[in-house]
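Top to bottom, those sequences are chains A and B.
Reminder that position 4 of the first sequence reads as 4 in my numbering, one-by-one numbering, no gaps.
Reminder that position 10 of the second sequence reads as 10 in my numbering, one-by-one numbering, no gaps.
Where a beta carbon is used, it is the ideal one built from N, C-alpha and C, also for glycine.
Because the structure is a prediction, the values reported are computed rather than measured.
Take a look at the structure set out below.
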Amino acid sequence: MKLILKIFLLCFMIGVQIQAQDEINHDVFKYTMTDEKKAFIGIKSIMNSSVSINNKLTASQNYTKIFLYVKSKYEYPEDAIISNLEPTLLVIQETVSDLYTSVSMGFSSSFDIRYNMSFEISDGVIRCTVGNMLVGNTAAVNRTMETEWNSVTGLYLHKKNGKPKKSMKGITDVKIENHFNQIIDTLQKF
Amino acid sequence: MKNITILLWLIVGFSSQAQSTTSYFNSGNTTTQKRYVGASWLPGIIVMEDGIELKGDVRGYSYKRNDIKSFKYRTKEGEKSQTFKADDCKLVVYDGLIVLSLPKDIKKKSGKRSFYVTIYYGEFLSIFQNPKANVATGISGSIIFNQDQMLSFLVLKDGKIEKLTKLRFRKPMLTICSDNEVFLARTKDKKWFKYDNIFKIAHFYNQTKSNLNH
Numbered sequence: 001m002k003l004i005l006k007i008f009l010l011c012f013m014i015g016v017q018i019q020a021q022d023e024i025n026h027d028v029f030k031y032t033m034t035d036e037k038k039a040f041i042g043i044k045s046i047m048n049s050s051v052s053i054n055n056k057l058t059a060s061q062n063y064t065k066i067f068l069y070v071k072s073k074y075e076y077p078e079d080a081i082i083s084n085l086e087p088t089l090l091v092i093q094e095t096v097s098d099l100y101t102s103v104s105m106g107f108s109s110s111f112d113i114r115y116n117m118s119f120e121i122s123d124g125v126i127r128c129t130v131g132n133m134l135v136g137n138t139a140a141v142n143r144t145m146e147t148e149w150n151s152v153t154g155l156y157l158h159k160k161n162g163k164p165k166k167s168m169k170g171i172t173d174v175k176i177e178n179h180f181n182q183i184i185d186t187l188q189k190f
Numbered sequence: 001m002k003n004i005t006i007l008l009w010l011i012v013g014f015s016s017q018a019q020s021t022t023s024y025f026n027s028g029n030t031t032t033q034k035r036y037v038g039a040s041w042l043p044g045i046i047v048m049e050d051g052i053e054l055k056g057d058v059r060g061y062s063y064k065r066n067d068i069k070s071f072k073y074r075t076k077e078g079e080k081s082q083t084f085k086a087d088d089c090k091l092v093v094y095d096g097l098i099v100l101s102l103p104k105d106i107k108k109k110s111g112k113r114s115f116y117v118t119i120y121y122g123e124f125l126s127i128f129q130n131p132k133a134n135v136a137t138g139i140s141g142s143i144i145f146n147q148d149q150m151l152s153f154l155v156l157k158d159g160k161i162e163k164l165t166k167l168r169f170r171k172p173m174l175t176i177c178s179d180n181e182v183f184l185a186r187t188k189d190k191k192w193f194k195y196d197n198i199f200k201i202a203h204f205y206n207q208t209k210s211n212l213n214h
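Below you can see the structure in the form of structure tokens.
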């Protein structure tokens, strides 16, 4: 009986540990190569979804800081805010023009990116998480001039043999990383 | 044995996710084009009556004219599917659409329920697709800029449903949202306060109303 109990406890602990691994703290947003390979497309790279900002402010002060940051970007911050639980959570949705760029045969094509950014706020910590990233396929603009939005779960920056794709590596990833890291920098200095 | 049972319940408790439908509130960045609940399998979610989230493949199953009557759900391709009617669940996510299960007679809080295709879902005000709405269509060869646009929507606020049409939008919207000073101030901007922005307008109302309440 004790052995069964021990096995159950072990399985449970392993489960908890796997969940905890997802919560490693990062300082910056950065794309890293995964093991996922797709024929013709290449090897998938994914960006860490969250970055934590540590400071000495209270949750309430951190909330005000983020709200003022959003207000500095939008005349009506309510347009961008999706969820607002003062002082613990603020979720915004933003659309950034031409953030997704790829170069092919010397021609560069750019598409808009829409994403949700949630700020989980507590005393001394702001956890910024990027989610639901979509790319606006302007080539598929429909008859009402609306852009079609498709989910982006990662970027295929490398060929199947591991060599970087000249059309994307150092272009698409860097542009997206810089955009999100800029937000973190601004929030740190704000 | 008793200890094992307790442990099992603990494990089940940590692994299943009970959800309130408020986490599905969306933004106003949505088109006014007609949206369809299709019959092809797509990744989706069904939130059951008890709040348990079922994640997997979802598709529309039975229809009555333009109304969706039931959904099919399966965990993955090849698995046996289950059928869910409006009385079984609270909310369905299909192809980015939120489909709410609400009483057929919205004024009554209980009774038989129906599915409402919710294009914009918010805390105080939500906008449903009107199954009887006309859709803008052009004559062959002519240029039309609002092709496939729904010409009316249904607005749910305070347990009442009101119809808003493209031709009669500003006045009824002002009446519905008259309890929010911040919102009323922005409606003076006529370039913003127009039918084509209906979801952005609803989102601004909800967000500012929420700020007033907290």
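As assigned by DSSP and simplified to three states, the class of residue i
i               : result
V155 of chain B : strand
N84 of chain A  : strand
D123 of chain A : coil
K38 of chain A  : strand
K190 of chain B : coil
V37 of chain B  : coil
Y195 of chain B : helix
K200 of chain B : helix
Q147 of chain B : coil
F192 of chain A : Here chain A has residues from 1 to 190 only, and residue 192 of chain A is not among them.
K160 of chain B : strand
V198 of chain A : There is no way to answer for residue 198 of chain A, as the model of chain A reaches only from 1 to 190.
E53 of chain B  : strand
T101 of chain A : strand
L167 of chain B : coil
L184 of chain B : helix
Y205 of chain B : helix
Bridge partners - residue i, DSSP secondary structure assignment
i               : result
C89 of chain B  : B:M48
R268 of chain A : Outside the shown range of chain A (1 to 190) lies residue 268 of chain A, about which nothing can therefore be said.
Q82 of chain B  : B:Y73
S101 of chain B : B:F115
G60 of chain B  : B:F71
W149 of chain A : A:G136
M33 of chain A  : A:S45
Q129 of chain B : B:F153
C128 of chain A : A:V51 and A:F119
Proximal residues to residue i (C-beta, below 6 Å), its chain only, five neighbours per side dropped
i               : result
Y31 of chain A  : S45, M47 and D173
Y115 of chain A : V130 and M133
G136 of chain A : F111, D112, T147 and W149
I201 of chain B : none
K193 of chain A : Coverage of chain A is limited to positions 1 through 190, which leaves residue 193 of chain A absent and any answer about it impossible.
L42 of chain B  : D95
L156 of chain B : S126
7 Å Cβ shell around residue i - same chain, five flanking residues per side excluded
i               : result
R32 of chain B  : Correcting the residue type first, residue 32 of chain B is Thr in the shown sequence and not Arg. Closer than 7 Å at the Cβ level, and outside the excluded window around T32 of chain B, lie Q149, M150, D196 and I198.
S60 of chain A  : P87
R143 of chain A : Bear in mind that a pLDDT of 49 at R143 of chain A, under 50, signals an unreliable position, so the number given afterwards is only what the model happens to contain. So the list is empty, once near-sequence residues are dropped.
Y230 of chain B : Chain B is shown only over 1 to 214; residue 230 of chain B falls outside these bounds and no answer can be derived.
K163 of chain B : N130, S152 and L154
Beta-carbon contacts of residue i that lie in its chain and below 8 Å, excluding the five residues immediately before and after
i               : result
D22 of chain A  : For D22 of chain A, the predicted model reports a pLDDT of 49, less than 50, meaning its position is unreliable; a value from the coordinates is still stated below. Here the set comprises nothing.
V135 of chain B : K34, D148, Q149, M150 and L151
Proximity test, residue i beta-carbon vs the ligand MN heavy atom, cut-off 7 Å
i               : result
I176 of chain B : Among the ligands in the structure shown, none appear at all, so the ligand MN cannot be discussed.
Exercise for the section: Let me know the alpha helix (DSSP H) ranges lying completely inside the region 50–86 of chain A, each 4 residues or longer, listed in chain order. Expected result: 59–73
Practice task
Pair every Cβ in the region 40–51 of chain B with every Cβ in the region 84–94 of chain B, then say whether three or more of these pairs are closer than 8 Å.
Solution key: yes
Problem - the region 149–158 of chain A touching the region 78–85 of chain A, judged by at least three CB pairs closer than 8 Å - result: no
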